[in-house]
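Student: In our numbering, the protein residues as written are 460 to 661.
Questions regarding the structure given below will be posed in turn.
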């Protein structure tokens, strides 16, 4: 389990250290490999720290340096809440939608809703039910009741429910479809769902 610094000074120092390590790697080899995933952990630390100016700076830097990064669910959770705090509502809702589709169990876990096991295996371990047990307590403690209500309201909205339902249906169809000809359009549709939901979040 990740150990968070106990003080504000410690959090700021850890964030600065991780950011400098990534910049140093880029200077040395021309790109950021970050096999340990510290680019995600910075989001965790920023949520706990609660410094929106620092968060705004890091999100802009991250999006510039990792434009095609798929991310991971806890990072997406932190990003969505930080954007919501900044008042960037359409971006916050898109990040929350991205979180929902990357792990269907995580938002219900946080909002106290029923979490039902899916009948199909999703393609990434990030999407497993067990993954939600890895959310550090410091992150959960840093999310306010109002922010939980915001997540619940969006999760229960017509748009989120419709795309979530179709997302699940696609993987149920893929689980019983072996023909490449039939699988290809389903896979393409699965990749388009987030883009379609993003338009509705704007």
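No residue lacks a Cβ here, since even glycine has one placed at the ideal position from N, Cα and C.
For clarity, every value in this text was computed on a predicted model and none was experimentally measured.
Write down every uninterrupted run of the alpha helix (DSSP H) in the stretch 474-537 whose length is 4 residues or greater and which is fully enclosed by it, in chain order.
Tutor: 497-508 and 511-524
Student: Apart from the five residues on each side of it in sequence, which residues of its chain come closer than 8 Å, Cβ to Cβ, to residue 496?
Tutor: Cβ neighbours of residue 496 beyond the five flanking positions: 531.
Student: Using three-state DSSP, classify residue 460 as helix, strand or coil.
Tutor: coil
Student: Assess, as a yes-or-no matter, whether the stretch 558-576 is touched by the stretch 612-619 under the definition of 3 or more beta carbon pairs within less than 8 Å.
Tutor: yes
Student: For residue 622, which of 603, 648 and 601 has the nearest alpha-carbon?
Tutor: 648
Student: Nearest to residue 459 by alpha carbon, out of 626, 516, 548 and 599?
Tutor: The question about residue 459 has no answer here: the residues shown for the chain are numbered 460 through 661.
Student: With distance defined between alpha-carbon atoms, name the residue in 515, 592 and 491 nearest to residue 562.
Tutor: 592
Student: Considering only C-alpha positions, which residue in the set 465, 493 and 542 is nearest to residue 525?
Tutor: Checking every option, the nearest Cα to that of residue 525 belongs to 493.
Student: One question on the structure: do residue 501 and residue 477 come within less than 8 Å of each other, judged by their Cβ atoms?
Tutor: yes
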